[in-house]
Amino acid sequence: MSEWVKSERQAERERVRRSRARRSASIATASTIVFIVLVVWGVTGSPGWPRVRETFFDGEQFAKALPDVLSGFVLNVKIFIVAEVLILVVGLLVALARGIKTPAFFPIRALATLYTDVFRGVPTILVIYLVGFGLPALRLQGIPSDLATLGVIALTLSYGAYVAEVFRAGIESVHPSQVAAARSLGLGHVKTMRFVVLPQATRRVVPPLLNDFVSLQKDTALVATIGPLEALRQAQIHAASTFNYTPYLVAALLFILLTIPMARLTDHLAARTRRRRGA
Amino acid sequence: MSVLSIEGVWKNFHGHSVLRGIDLEVEPHEVVSLIGASGSGKSTLLRCVNLLETVDDGVIHLDGEDITDPRADVDLVRRRLGIVFQSFNLFPHMTVLDNITLAPRRVHGTSKTRAEEQAHDLLTRFGLASKARAYPDQLSGGQQQRVAIIRALATQPRLMLLDEVTSALDPELVVEVLGIIRELKESGMTMILTTHEMSFCRDISDTVCFLDGGVLLEKGPPEQIFTDPRESRTQEFLRSVLKSGRF
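For the record, the sequence lines run as chains A and Z.
Each step along the first sequence adds one to the number in numbering that gives the first Met the number 0, with nothing skipped, and position 42 is 41.
Each step along the second sequence adds one to the number in numbering that gives the first Met the number 0, with nothing skipped, and position 180 is 179.
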């Protein structure tokens with residue numbers, strides 16, 4: 000067989016493709032520059048801009064607030080990590096409970112359905128209020144009084160309902176023929192779930208789960224409403240004593256720094272799944 | 000005693016009877032083929048034996064035990080059966096080796112080393128030793144189906160059910176799968192298979208059953224069914240198969 004020599008036609012095609020690629024790259028650059036110039040001009044040209052710059056973009060206040068807000072942010076990260084683990088456990092258990100068909104476990108199934116209905120319906124901030132102020136008021140033995148812990152409980156209840164639905168969608172996306180094959184091999188319901196259905200389901204739901212966790216990261220700030228000294232609360236304290244809102248900017252930047260890597264990871268995993276499916 | 004005995008089995012879907020009083024006996028080491036047009040009830044009959052469908056009437060005995068009794072332990076019954084599907088249904092998240100050892104390890108309690116040893120033996124026997132660590136989507140259709148057959152074999156079933164195992168394969172891959180089934184017959188495995196491959200069916204079967212509209216219309220040794228069918232529907236079916244070039 001003879002070696003491939005690039006034909007004149009192919010060389011011409013590649014020249015056209017290259018020139019087209021150059022052209023779209025320069026158009027993209029130009030339009031981005033125009034867009035940025037317009038936005039900056041629009042904002043800085045607004046009548047209130049000097050005032051806004053003073054209250055939101057004060058370099059001195061920024062440096063002053065950073066240590067406190069940062070130390071508060073550590074609490075956000077802690078709340079986030081603990082809640083995330085608990086949410087995964089609760090979500091998975093609830094999703095499994097909703098799939099139980101044994102009649103004796105009907106109450107569990109009904110309870111799981113009720114749980115997802117209720118906690119997907121109630122705004123997260125309300126759940127935080129109810130748990131943060133209502134739970135300790137019961138004065139039951141063993142109820143934690145630590146505000147951050149109560150915040151974790153509230154976030155777990157709220158997000159657990161969402162994550163349960165994500166898991167359930169994943170479980171239902173596994174083709175029935177996989178279950179038929181497993182059952183035909185003599186695997187019972189539990190073993191079929193554990194070895195065949197769940198491993199496939201969890202792989203599929205990783206991107207939507209990460210998306211929920213990006214959302215959870217910023218919602219840890221809602222816990223500020225019941226009082227623990229996390230990032231937003233620290234920023235509030237600074238802002239209240241100086242009448243300068245730059246500390247909020249500090250908090251916002253910290254949250255962005257945390258969520259961006261997570262969002263990129265989500266994109267990356269989604270792209271990888273697409274590639275694997277050969278689409 | 001026969002391995003499997005089916006007596007007067009009926010199955011209805013949405014008020015339509017798919018199986019209309021099927022009777023069939025399968026003796027040890029016997030290979031029984033079910034032939035007939037699509038929708039004649041071949042696959043449904045296999046799914047009833049496997050208890051993936053519950054029968055609406057009649058009784059099925061496996062080694063003398065009534066498996067259609069609602070109190071029968073479905074998982075225990077299935078442990079004695081090996082089923083292979085048209086679409087392979089390998090577990091995509093597991094390697095070939097894990098696919099094969101899953102049931103021996105998790106259902107039959109075989110140790111990991113022992114189960115893997117057996118799996119390797121089977122893979123070697125059927126020319127797939129190099130694929131033990133591969134994932135199903137890295138294999139050709141023919142290789143996947145051979146793995147599916149090995150997976151069913153690994154639990155040492157009493158009876159193998161093969162449902163259109165070559166229908167989803169390219170013609171050049173059919174041969175390798177038929178080869179493995181032929182080898183199973185030689186090793187004495189009892190099998191029921193549904194197929195559209197008539198020359199293979201004629202070659203391998205001890206008994207051929209022609210199903211039509213949910214009725215087992217005609218049953219006999221392959222020479223008789225293929226050369227001297229008694230029923231006019233069987234003649235008609237074989238003629239149409241002949242015309243489509245599948246013989």
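Positions of the beta carbon are idealized from the N, C-alpha and C atoms, including for glycine.
For clarity, every value in this text was computed on a predicted model and none was experimentally measured.
Could you check which residue in A/Leu256, A/Thr224, A/Leu156, A/Arg16 has the C-alpha nearest to that of glutamate 83 of chain A?
A/Leu156
Using a C-beta to C-beta distance shorter than 9 Å, which residues of chain A count as neighbours of leucine 3 of chain Z?
None at all; the shortest Cβ gap to chain A is about 16 Å.
In this structure, how does DSSP classify leucine 63 of chain A when only helix, strand and coil are distinguished?
Per the sequence shown, the amino acid found at residue 63 of chain A is lysine instead of leucine. Correct three-state label for lysine 63 of chain A: helix.
Under the rule that 16 or more other beta-carbon atoms within 10 Å means buried, what is leucine 177 of chain Z, buried or exposed?
buried
Partners in chain Z for proline 198 of chain A, counting only beta-carbon separations shorter than 9 Å
Phe90, His92, Met93
I'd like the list of long-range same chain contacts for threonine 112 of chain A, defined as Cβ closer than 8 Å, with 5 residues on each side in sequence excluded.
Arg97
Does the Cβ-Cβ distance between isoleucine 78 of chain A and leucine 146 of chain A come in under 8 Å?
no
Are the C-beta atoms of asparagine 49 of chain Z and some chain A residue less than 8 Å apart?
yes
Using only the alpha-carbon positions, how far apart do glycine 159 of chain A and proline 69 of chain Z sit?
38 Å
Range covered by the beta strand (DSSP E) that runs through lysine 218 of chain Z:
214-219
Which residue spans inside the segment 41-80 of chain Z form an unbroken beta strand (DSSP E) run of at least 3?
56-61
Quick check: the Cα distance between valine 162 of chain A and alanine 153 of chain A, rounded to an integer number of angstroms?
14 Å
What residues in the segment 105-132 of chain Z have a beta carbon less than 9 Å from any beta carbon of chain A?
Arg105, Val106, His107
C-beta atoms of glycine 169 of chain A and alanine 220 of chain A nearer than 8 Å
no
Please classify aspartate 227 of chain Z: is it buried, with 16 or more other beta-carbons within 10 angstroms of its beta-carbon, or exposed?
exposed
Check the C-beta distance from threonine 165 of chain Z over to threonine 194 of chain Z and give it rounded, since I have them as a contact under 8 Å.
7 Å
Does the Cβ of glutamate 196 of chain Z have 16 or more other Cβ atoms within 10 Å, making it buried, or fewer, making it exposed?
buried
Between the C-alpha atoms of aspartate 191 of chain Z and arginine 145 of chain Z, what's the straight-line distance to the nearest angstrom?
Before going on, a small fix: residue 191 of chain Z reads as isoleucine here, not aspartate. Going from the Cα of isoleucine 191 of chain Z to the Cα of arginine 145 of chain Z covers about 17 Å.
Where glutamate 243 of chain Z sits in the DSSP three-state scheme:
Here the sequence assigns serine to residue 243 of chain Z, which means glutamate is not the residue at that position. Note: serine 243 of chain Z maps to coil in three-state DSSP.
Extent of the continuous alpha helix (DSSP H) to which phenylalanine 12 of chain Z belongs:
Careful: phenylalanine 12 of chain Z lies outside any alpha helix (DSSP H), inside the beta strand (DSSP E) at 3-12.
Quick one: grab the DSSP three-state call for methionine 159 of chain Z.
strand
Taking the straight line between their C-alpha atoms, what separation do you get for leucine 45 of chain Z and lysine 184 of chain Z?
19 Å
So, is the C-beta of serine 139 of chain Z closer than 8 Å to a C-beta in chain A?
no
Look up serine 16 of chain Z in the DSSP assignment and give the residues it is bridged to.
Z/Asn11
Quick check on DSSP: helix, strand or coil for methionine 190 of chain Z?
strand
Helix, strand or coil, according to DSSP, for leucine 23 of chain Z in the structure here?
strand
Here's a check: name, in chain order, each residue in its chain whose Cβ is nearer than 6 Å to the Cβ of valine 95 of chain Z, leaving out the five neighbours to either side.
Lys130, Ala131, Ala133, Val146
Quick check on the DSSP output: the alpha helix (DSSP H) that includes leucine 154 of chain A runs from which residue to which?
146-172
Rounded C-beta distance between alanine 151 of chain Z and methionine 159 of chain Z? I'm assuming under 8 Å.
6 Å
Could you tell me whether the Cβ of leucine 268 of chain A comes closer than 8 Å to any Cβ of chain Z?
no
In chain order, which beta strand (DSSP E) runs of at least 3 residues are fully inside the segment 85-156 of chain A?
none
Straight-line gap, proline 102 of chain A to leucine 95 of chain A (C-alpha atoms, nearest Å)
15 Å
Quick one, which residues of the segment 183-210 of chain A are near chain Z if we go by CB-CB under 8 Å, in chain order?
Ser183, Leu184, Gly185, Leu186, Gly187, Lys190, Phe194, Val195, Pro198, Gln199, Arg202
Does the distance from the CB of glutamate 217 of chain Z to the CB of serine 42 of chain Z come in under 8 Å?
no
Measuring alpha carbon to alpha carbon, tell me which of A/Thr54, A/Leu231, A/Gly150 ends up nearest aspartate 67 of chain A.
A/Leu231
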